[in-house]
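Residue 193 is where the sequence shown starts when you use the numbering used here, and the numbers rise one by one after that. Ideal Cβ positions, reconstructed from N, Cα and C, are used throughout, including at glycine. Take a look at the structure below.
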Amino acid sequence: MIQVSTDKHLLGLKGVSSEEIHGILNRAAWWEQYPAKVTSSLQGKFVANMFFENSTRTRFSFEMAQKRLGAQVLNFAAAVSSVQKGESIYDTVRTLESMGIDAGIVRLKPNGVLQQLAEKVKIPLINAGDGNNEHPTQALLDFYTMKKQFGELRGLTVSIIGDIKHSRVARSNLWGLQTVGAKVRFCAPSNMQAPELAEYAPYVTMEEALQADVVMMLRVQLERHEDGLFKSSEEYREQYGLTVERASRMPKHAIIMHPAPVNRNVEIDDELVECDRSKIFSQMSNGVPIRMAVIERALS
Ligand code: CP
């Protein structure tokens, strides 16, 4: 998928330049420091959140960001819409566009559809997660969290552990982190690996993966699994979970991240979710200024 960095869409991080990524991070830092909770920056603009798949963090932090920027917000949820009568994703987006929205935030199950939509509509679209393809604003808030901790991204080693095969977060992190000069390694059970990504990031053992600046755990995405892929929570935790014992073997300076929602005591022990080195809830806080910067970019 080609990401056109000169237009206003944000469909993915593949192909987005380091300058543009750092520009968004710097603008998010500016918004994080901004003293007023609500501004009139996007007064008179209408933004629609079009979620064809469930969400808590992404959906609400986009809404927080839009309201902080002073935009008018429309929330579309597929479950209570005419999608239930068979209306297509394209017709839904065109419908809202024809009513006069200025930008759309879109989350979808299928891969590839967002690119086609972006080619057909005139308003900027922001990817809020599509299939296992990309989740660019999640990766940007992850980079922001890492940059706040370490000062810079270049030279960091980031281990991404878990259900790589089904993870759009892993892919957006991979593309963006490589662009800004960080090193990515994957660790996953063989049936949750994405072989097509092995040429970009090596698969390493759990022991090797723990030796990193950032240990990013991924949710086991049971809703996307075919039958039989996942045997038991206990077995997964034993082989690929970040247990308290494994975390004790991480370097002292290393941080724990997870995009959430978290399966506690499966991919990460309950005690670690809110421990001192965990940035999981900071990631959620950082999602708001990042999405302010991204929406502003789309509408500026
Ligand atoms: N991290 C993330 O995308 O969470 P939601 O599915 O709740 O938006």
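At a cut-off of 7 Å, would you count residue i as near the ligand CP, judging by its Cβ distance to the nearest heavy atom?
i	result
S247	yes
A270	no
R140	With the chain represented from 193 up to 492, any question about residue 140 goes unanswered, as that position is not in the structure.
P328	no
P451	yes
G321	yes
Kindly list the residues whose CB is nearer than 8 Å to the CB of residue i, restricted to its own chain and excluding five residues on each side of it in sequence; keep chain order.
i	result
K312	Y282, R286
G373	S210, L345, R346, G347
Y336	L217, A220, A221, N478, P481, I482
To which residues does DSSP link residue i through a beta bridge?
i	result
R469	DSSP, once it has assigned bridges, lists no residue as partnering R469.
K375	T349
E388	Answer is none; E388 lacks a bridge partner.
D322	L300, E326
F268	M242
M338	Note: M338 sits in no beta bridge, so no partner.
I448	V407, S470
L317	G296
R456	I460
What's the call for residue i, buried or exposed, on a 16-neighbour Cβ count within 10 Å?
i	result
G236	exposed
P302	exposed
E463	exposed
A331	buried
K444	exposed
D355	buried
A386	buried
G296	buried
E418	exposed
N241	buried
Near residue i, which residues of its chain fall below 7 Å by C-beta distance, leaving aside the five closest residues on each side in sequence?
i	result
V458	V412, S425, Y428, R429, G433
S470	I448, L464
D294	K237, F238, V239, I315, L491
N455	R411, V412
G304	none
Starting from residue i, trace the beta strand (DSSP E) in both directions and tell me its first and last residue.
i	result
N246	No beta strand (DSSP E) holds N246; DSSP gives it neither H nor E.
I522	Residue 522 lies beyond the range of the chain shown here (193 to 492); nothing can be said about it.
V407	406-409
M442	Run containing M442: none; DSSP gives neither H nor E here.
With residue i as the anchor, note down where its alpha helix (DSSP H) starts and where it stops.
i	result
M291	281-291
M398	398-402
K200	Looking at the DSSP string, K200 is not in any alpha helix (DSSP H), and its letter there is neither H nor E.
K312	305-312
Y428	425-432
In chain order, what residues of the same chain lie with their CB nearer than 6 Å to the CB of residue i, ignoring the 5 residues before and after it?
i	result
R416	H358
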